[in-house]
Every structure is written in structure tokens, then in C-alpha cells.
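Numbering (the numbering used here), first residue to last: 3 to 314.
We treat Cβ as the ideally placed atom computed from N, Cα and C, and that holds for glycine.
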Amino acid sequence: MNVREATPADHDAVLELFRSMDWNRPWPRPEITAEFLEGDLVLVAEEDGEIIGTAFGRPAHHGRAHLNIACVRTEWRRQGVAKALVAEFAARALAAGAEHVTLDVDVSNEVGQKAWERLGFTDYARRLTVPAASLEAGLGAAEPGESYASIHIQTDDSAAVEAAVGKYLPRLGGTGARLSEPLNGWVVVYSELTDRDRQARDRLASELSNATGAVVCTLAVEDGRVVRFVFFERGSIVDEYQSVPEYYGALPPGDVIALAANPTVVARLTGADRASVRAVARTASSPDELPPAPQLLEQLAEVMGLQGSGRG
């Protein structure tokens, strides 16, 4: 096998190889001609006069070479052809003054990612894509509103709650928690971290439930549009509600159902009336189909007998 720089006579074979590559991107495959290769270093791998692979890209630009394409005929794969092409490209890039070689690989191409990683490539940047119509709609959407939350621990032992918060909140990167006096049998915790970070909120609630042995409920307004609550018992989630289940993206049908409140569980943990929970804890496909999020939060807190909900 011989690896060499392509000549104009090779361009048709190079373009044929490019067109034979799998195309899994959301936009159409571009129609390309020989002009597509102008300005690039184009290499070919040749066996008995037949072009069996190609690699092309920019050999050096501000200290960086970029490999656009490396492809090999199907019947010649796993025989060292791609490695030979990349080695020649890297050698020429170094000679041209490049200090680094970059390339793009689709996130769906797990085999390709692993192959490049074996050669020493590491993640540096991400290329994101969105349908143009969706972007236009997103740019016209209202900015997210305020997020805030409260964590309710079913105990009168404020000292135990304070000790647990002091232990676990710093581990999550939070400081400056505020605690209420016992309110109707619940101590309420507020912090800037759990206002904005739902994962940290859930982790802290789980730790508090484990540490105190108490039922814990998080109540939150997210983005000023969505209401969410989660109940924990002995550190585990026993019920979860999100007013717009698919607010953050599409979900499997089972997950959508799971984000509807379970009135029986809520009644057992709080003493709330099941019918009232069912009437208030509704879900919808859009926030516009429900009461404003702050109002819905207040309604849920009232039904469940949780005082001090919302901002601390």
C-alpha cells in the first residue's frame, strides 16, 4: 500500500469515497465537486493502482491542522489504511508548523470516537445543532422566570436539622442556609443553591431524610413556570410531581405518568385530603394551561398543610 498526495486525476475517486460515507446528520448531505478540495491537503491510499482510502484537511493554520475527512473502502477497513493516512497527514502537519491536530466526530458515532481516542484525541469542543424553525421559536420565547424552593422536614427537632444541613450542604457546594422554627410540625430549609439547582435540592433532601429519619418534601417553582414537589422517606423518593412533565424535553409515556402526584401517598405523608390533592396537583402539556406557578405552589402547600413554602 502506498500513501501519497492526490493529483487532480484522483479527485473523482476521492469524491466517490466521500459520497459513500454513512450520513447520519440532521441536514442533507452536501453536493460536492472537485472545488470542495481546493486549499486542502488531500491524501490517498493506493493498492495496485486502486484508491482504497482518502484523508484530507487543512495542514496548518495558526498552529493547528484540521482533518476534515478520513475514509476507507468498506472491504479495506481494519487493515491499517486509516492509520496510515492519519500518520501521513500528521507528519505533513508537523512539517507545516502545526502543533495540534483537530477533527470532528458525530456523537452518534461511538465506534469512531473510540478509534480516535485510541490515537490520543480528547474532547475539546462541542458542535451543537438545532432546526432553524425551532431556534426562531426559541428566540421569540419569554426569558425564564425566577426559581425558588423550600425543603420541609417533618420534625420539631430544629437542632438535628441544623446539624444535618451544616454537614451536607457544603458538600454540595452550598452555604448560608436559613432554617425556620417548627411550623405545624415541619422545619423548613432555604438556600440559594437549592433555589437554582434541582439536583442539589434533591440530594440535600435525601440526605436530610436519611439523617433525621423524617419525611422530607421539596416544593419549588422552576423558571417561574413550573411547580415541582418530591417526597422522600428514609432517603428514597416515594412520590414526585411536576406540573408540566415534559417542560424540559420529551419523555417516555411511563415517565410522564410518574410525574403526576400520587394522592394516596401525599395523603399518607401529610394528612392531606386525597380528593383535594387530586384537584390541585394537575398536570398539563404547557404552563399556560395551569394557574400561574407561584399561585399553584401556594395551593399545593395549603392542601398539604406545609407552611413557609416559597422564598425564605
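Rounded to whole angstroms, the Cβ separation of Arg173 and Tyr192 is 18 Å, and the two are not in contact under 8 Å.
Contact annotation: the stretch 208-219 touches the stretch 164-171, with at least three C-beta pairs closer than 8 Å. Counting only residues of its own chain and dropping the five nearest sequence neighbours on each side, Ala151 has a CB closer than 7 Å to the CB of Thr196, Asp197, Arg203, Thr220, Leu221, Ala222. With a threshold of 16 other beta carbon atoms within 10 Å, Asn111 falls short and is exposed. Under the DSSP assignment, Asn4 falls in the beta strand (DSSP E) whose first and last residues are 4-7. When DSSP states are grouped into helix, strand and coil, Arg280 belongs to the helix group. Judged by beta-carbon spacing, Ile34 lies beyond the 8 Å limit of Thr56, meaning their Cβ atoms are not closer than that value. Nearest neighbour of Leu45 by Cα position, chosen from Leu17, His63, Lys116, Trp29, turns out to be Leu17.
Taking a cut-off of 8 Å on C-beta distances, the stretch 57-70 touches the stretch 93-107, as three or more cross pairs fall below it. Under the criterion of beta carbons closer than 8 Å, Leu206 and Ile155 do not qualify as touching, at roughly 11 Å.
Excluding five sequence positions before and after Val267, the CB atoms of its chain that fall closer than 8 Å to its own CB belong to Phe233, Val240, Asp241, given in chain order.
Per DSSP, the continuous alpha helix (DSSP H) segment holding Gln201 begins and ends at 200-214.
Distance check between Ser288 and each of Ser245, Gly122, Leu185 places Ser245 closest, using alpha-carbon atoms only.
The DSSP-derived three-state label of Asp275 is coil. In this structure, Val258 lies near Pro247, with their beta-carbon atoms less than 8 Å apart.
Here the alpha carbon of Ala117 sits roughly 16 Å from the alpha carbon of Tyr126.
If you compare the alpha carbons of Ser22, Arg6, Leu308, Phe58 with that of Asn186, the shortest gap goes to Leu308.
With a threshold of 16 other beta carbon atoms within 10 Å, Glu52 falls short and is exposed. Around the beta-carbon of Trp188, 16 or more other beta-carbon atoms lie within 10 Å, marking it buried. When rounded, the separation of the alpha-carbon atoms in Leu299 and Ala161 is 27 Å.
For Asp257, no beta strand (DSSP E) encloses it; the enclosing alpha helix (DSSP H) starts and ends at 255-260. Note that the C-beta distance between Val229 and Ala295 is below 8 Å.
Here Arg227 is buried. Its C-beta has 16 or more other C-beta atoms within 10 Å.
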